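Okay, structure first, notes after.
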């Protein structure tokens, strides 16, 4: 997995000041190089493609962070909840034995950590049964295996289709507002399909785009517009850099960077550590209740 940090080399060229237009031919009659405006047009096209590639990298990493966060909550959430419950029971057992006001206060604080937080259902996408229990909670109470978390990380083919579609239909390649709106709507559907890892739908979208109207290449007629375009591309790159930095510095992004090639194994390692902590807490609670 490549994080947006690795895409920094795809920088937007700095806009140069206007130059005098050379003559079409040198005094010797030989043809001169391309006009400054032509060079500027090429610089704009290069900058556009560089920005699109960087946006693809940032969006790909954002989806990976989002999917890993979902898997993290589904697989490890019940273990964290079990640890919170055991901590509360241990604190309550200590308070019951000592009667110390400080121990009673600590027990209340520990119990408060176990209380459900607003919106917690949203983390599990409403997967709650008729008795008000999530599958993870029901499995814990009945000692039955819980269904494994759904894998939603896109396949390699889905990634390939996604990149091709974004390169072809990116809104920044639009000639006018109407074309930009059409591309925005299409890319929104592409992002949605990619986020779900829906490879067949991505193929359908690729066919849809291929059958649609092919926009004409954008060729600015004034050098001032080209300079303004380069400035906008540079500002857009700066904004994307801030987004990429926030993703990479977040808790889930930092975890992904620890195991970019095998995040599932990282979840297994964390689960093993949590199970060990649960076992240790259960032994501590049993010792307190047995005394």
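In the working numbering, the protein residues as written are 4 to 294. Where is the CB? At the ideal position from N, CA and C, for every residue including glycine. Source: prediction; values computed, not measured.
So for residue i, helix, strand or coil by DSSP?
| i | result |
| --- | --- |
| residue 290 | helix |
| residue 116 | coil |
| residue 283 | helix |
| residue 215 | coil |
| residue 52 | helix |
| residue 278 | helix |
| residue 199 | coil |
| residue 256 | helix |
| residue 177 | coil |
| residue 128 | Residue placement at residue 128 cannot be trusted, given a pLDDT of 43 that sits under 50; what the coordinates show is reported in the next sentence. If DSSP states are grouped into helix, strand and coil, residue 128 belongs with coil. |
| residue 158 | coil |
| residue 102 | coil |
| residue 87 | helix |
| residue 267 | helix |
| residue 38 | coil |
| residue 262 | coil |
So, is residue i buried or exposed, given that buried needs 16 or more other C-beta atoms within 10 angstroms?
| i | result |
| --- | --- |
| residue 95 | buried |
| residue 2 | Coverage of the chain is limited to positions 4 through 294, which leaves residue 2 absent and any answer about it impossible. |
| residue 1 | Residue 1 lies beyond the stretch modelled for the chain, which goes from 4 to 294, so this question has no answer here. |
| residue 293 | exposed |
| residue 108 | exposed |
| residue 111 | exposed |
| residue 207 | exposed |
| residue 264 | exposed |
| residue 203 | exposed |
| residue 187 | exposed |
| residue 283 | exposed |
| residue 20 | For residue 20, the predicted structure reports a pLDDT of 44, less than 50, and the residue's modelled location is therefore unreliable. The matter cannot be settled from this model. |
| residue 164 | buried |
| residue 278 | exposed |
| residue 286 | exposed |
| residue 113 | buried |
| residue 296 | Missing from the structure shown is residue 296; the chain here goes from 4 to 294 and no further. |
| residue 256 | buried |
| residue 178 | exposed |
Does the Cβ-Cβ distance between residue i and residue j come in under 9 Å?
| i | j | result |
| --- | --- | --- |
| residue 100 | residue 291 | yes |
| residue 169 | residue 55 | yes |
| residue 106 | residue 115 | no |
| residue 176 | residue 58 | no |
| residue 251 | residue 260 | yes |
| residue 240 | residue 53 | yes |
| residue 229 | residue 47 | yes |
| residue 71 | residue 258 | yes |
| residue 61 | residue 246 | yes |
| residue 270 | residue 79 | yes |
- Do the region 179-199 and the region 80-88 meet, that is, are 3 or more Cβ pairs less than 8 Å apart? no
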